[in-house]
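Have a look at the structure below before the remarks.
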Ligand code: GTP
Ligand code: MG
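Residue numbers (the numbering used here): 10 to 182.
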């Protein structure tokens, strides 16, 4: 059934500081592509991917937001109607981890309690780790969301982000 049929259309939004790898996570997942060159996302961008969870087809409309502060006003206008949220930080960027709570607070005002979130610690391929897995896990537990470490570079656990999110989405749809 690759004829465009789907059971549900779900808006997913990807949030986190600039440079943590949001865009590359998405290009790796949707297009099997990774770019070493940093190209800042301007405002927002989106990708479509239909996944199958158990017997249901969920069409994900995934919004990739700009982490840069100067785009904050634009990106916030896209929060409305999001049913899935992927919070991303980089394990080599302590600041991006410290800012996750700010990202969480920025969106909970704009979404329902039903929203499905996941916390992602990206760049697990890097040697100079600054944030331990246990810290990521503790933060995720605090906000009652699943946690996963990934590498967009090595395509590690990228698929898992969407498998976990998909399962949780299906439970609530
Ligand atoms: P904004 O669009 O500014 O919000 O940034 P972003 O979060 O979309 O980051 P982006 O995907 O553009 O990646 C930023 C930089 O990190 C790029 O140079 C990527 O090549 C690099 N990068 C992304 N993911 C990984 C990863 O898993 N490992 C490593 N080592 N580098 C990564
Ligand atoms: Mg980007």
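Positions of the beta carbon are idealized from the N, C-alpha and C atoms, including for glycine. Computed from a predicted structure; not experimentally measured.
Exposure label - residue i; buried when at least 16 CB within 10 Å
i           : result
residue 37  : buried
residue 10  : Annotation note: pLDDT 47 at residue 10 (below 50); position unreliable, coordinate value reported separately. It counts as exposed.
residue 159 : buried
residue 31  : buried
residue 82  : exposed
residue 13  : exposed
residue 90  : exposed
residue 121 : exposed
residue 51  : exposed
residue 57  : exposed
Residues near residue i in its chain [Cβ-Cβ closer than 7 Å; skip 5 each side]
i           : result
residue 108 : 26
residue 171 : 38, 60
residue 132 : 30, 99, 100, 101, 160
Bridge-paired residues (DSSP) for residue i
i           : result
residue 17  : 67
residue 143 : None; residue 143 has no bridge partner.
residue 93  : 21, 125
residue 179 : DSSP output for residue 179 lists no bridge partner at all.
residue 74  : 53
residue 43  : In DSSP, residue 43 forms no bridge with anything.
CB of residue i within 8 Å of CB of residue j, strictly
i           : j           : result
residue 149 : residue 128 : yes
residue 137 : residue 29  : no
residue 22  : residue 94  : yes
Own chain partners of residue i with C-beta closer than 8 Å, once the 5 adjacent residues on each side are dropped
i           : result
residue 134 : 160, 162, 163, 165
Taking only runs of the alpha helix (DSSP H) that begin and end inside the segment 104–141, which ones reach a length of at least 4 residues, in chain order? Within the segment 104–141, the complete alpha helix (DSSP H) runs of at least 4 residues are 109–117.
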